[in-house]
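Just below is one structure, and these are the notes that go with it.
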Ligand SMILES: Nc1ncnc2c1ncn2[C@@H]1O[C@H](COP(=O)(O)OP(=O)(O)OP(=O)(O)O)[C@@H](O)[C@H]1O
Ligand SMILES: [Mg+2]
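Residue numbers (UniProt numbering): 1 to 459.
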């Protein structure tokens, strides 16, 4: 479950461990080699200074003095003649040193040479330098026991071991806290999403910080909120739809039953059938509109924009709508003066305008007039549809684009309204990047302003 955080923490721990091991090894080697170097240098310098004294003043006294001095220190001295024959020494050296002395190179230079630097396996570190006076010449060997060095390095190793173990311990603790810190918010989010997938949208993840994990938490919070509103909206919408369908269906059912009776007047039967026909077309319109909305919702519809010659389109719409207007005694006035073109989907544009004109007709009384005209603006065309109808109360205006929303339920139903027209119009307009606004005054009339962008590159 908490794999990713464990993995991350593990990678981190391993990386730090490798780094640490490398550093420790390097440090250890450096300390040891420096130490040996220092020791060798110091005995070499000492040997050289003995040589200087001998060359200045070669005498038995000097020799004794040097041997005495070295016997009081941790270093030892051996002075030999040219043929490696011992002249004097500060300690009693075993014959094991013979091989070492034999290995003295023939040319030593002024600084002398290091004879032995292996502190691990040999008893002594050793250097040699040569002296030469008028009467004598030979070698000054300096030795330093390696035992204390080994002791020192042993101690150093112990320190390194303690440091290594405690840092390993620390790393393990860091590993676990790190994986916990990383895991906790992830587990919380996982639980939250599980809850959401089970349909429980009451999740509220606390603010988890400003990093990516925090942002993810915020997104989950938002998702649950969105899903909650979506679920509520859907339930409401379904409720309204079934209500909308039930009413006409009840009529159809009722009138069918009556029409089926045998002993009724033929004229009445005709009337009932006419009502059934009317209600059926309401149902068909509702279902068609719902289908249209579903398509728009799913974004499966496409807007195929092209350059539309407006006047022919408006004339076509006028021809289509005029009979319906005229039969109700409403005049329809469509103006088209200039040679305007609009970059839009002609079928959708017609659908929008027909819907708006249909509203103007439905909610107007005989003797009134409806006027549609277009004005060109810098980057858009503005369609204005003004009627002299019943108008919409101010309090209702904010809702009329909602699905299934109708101002006066019963009246508008009589007129065959489903309350879906404007929501479809709004979606189509928005898909074109346009804007729609409605102003209305009760009893005076309604004006719809439709602004459609008219630039190819503005899509
Ligand atoms: N021009 C108008 N004048 C007065 N009221 C209007 C006008 N246009 C819309 N309305 C009100 O807004 C409501 C919503 O309009 P909409 O076009 O969405 O639905 P509808 O016309 O009732 O049904 P549909 O268009 O789906 O057949 C209408 O029921 C009506 O009350
Ligand atoms: Mg309508």
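Built from N, CA and C at the ideal position, the CB exists for glycine as well.
With hydrogens ignored, establish whether the beta-carbon of residue i is closer than 7 Å to any heavy atom of ligand 1.
i	result
residue 418	yes
residue 406	yes
residue 369	no
residue 183	no
residue 297	no
residue 362	yes
residue 443	no
residue 446	yes
residue 330	no
residue 467	Outside the shown range of the chain, which is 1 to 459, sits residue 467, and nothing can be said about it.
residue 391	yes
residue 285	yes
residue 347	no
residue 241	no
residue 436	no
residue 220	no
residue 352	no
residue 276	no
residue 387	yes
residue 187	no
residue 400	yes
Going straight from the alpha carbon of residue i to that of residue j, what length do you get?
i	j	result
residue 141	residue 47	7 Å
residue 19	residue 145	35 Å
residue 266	residue 273	10 Å
residue 160	residue 176	24 Å
residue 215	residue 208	8 Å
residue 371	residue 333	5 Å
residue 459	residue 432	Confidence at residue 459 is low in this model, with a pLDDT of 46, below 50, so the placement of that residue should be treated as unreliable; the coordinate-derived value is given next. When rounded, the distance between both Cα atoms is 8 Å.
residue 24	residue 88	44 Å
residue 181	residue 171	15 Å
residue 444	residue 422	20 Å
residue 120	residue 154	11 Å
residue 343	residue 362	29 Å
residue 352	residue 388	20 Å
residue 147	residue 124	8 Å
residue 473	residue 14	Past the edges of the chain, shown from 1 to 459, lies residue 473, and the structure says nothing about it.
residue 253	residue 246	10 Å
residue 10	residue 213	19 Å
residue 296	residue 430	11 Å
residue 386	residue 258	43 Å
residue 100	residue 76	15 Å
residue 304	residue 357	23 Å
residue 133	residue 90	21 Å
residue 192	residue 184	12 Å
residue 299	residue 22	60 Å
residue 465	residue 378	There is no way to answer for residue 465, as the model of the chain reaches only from 1 to 459.
For residue i, is the beta carbon positioned less than 7 Å from some heavy atom of ligand 2?
i	result
residue 422	yes
residue 359	yes
residue 289	no
residue 355	yes
Once the 5 residues before and after residue i are set aside, which same chain residues still bring their CB inside 8 Å of it?
i	result
residue 290	241 and 420
residue 163	24
residue 127	40, 43, 44, 47, 112, 113, 114, 115, 141 and 142
Comparing alpha-carbon positions, which option in the options lies nearest residue i?
i	options	result
residue 350	365, 324, 377 and 317	317
residue 232	297, 217, 152 and 201	201
residue 221	386, 194, 61 and 345	194
residue 288	166, 424 and 119	424
residue 131	122, 125, 123 and 111	111
residue 256	244, 97, 245 and 270	270
residue 339	345, 314 and 348	314
residue 454	369, 234 and 345	345
residue 143	92, 189 and 260	92
residue 384	358, 331, 448 and 355	448
residue 355	52, 326 and 320	320
residue 168	51, 58 and 16	16
Excluding the five sequence neighbours on either side, which residues of its own chain have a C-beta within less than 6 Å of the C-beta of residue i, listed in chain order?
i	result
residue 440	391, 392 and 446
residue 280	none
residue 1	Caution is warranted here: a pLDDT of 49 is assigned to residue 1, below 50, making its placement in the model unreliable, and the coordinate value is therefore given only provisionally. Same-chain partners within the cutoff: there are none.
residue 249	none
residue 58	133 and 136
Can you list, in chain order, the residues of its chain with a C-beta nearer than 7 Å to that of residue i? Leave out the 5 residues immediately preceding and following it.
i	result
residue 310	336, 340, 341, 342 and 374
residue 86	78 and 80
residue 31	156
residue 329	366 and 367
residue 188	205
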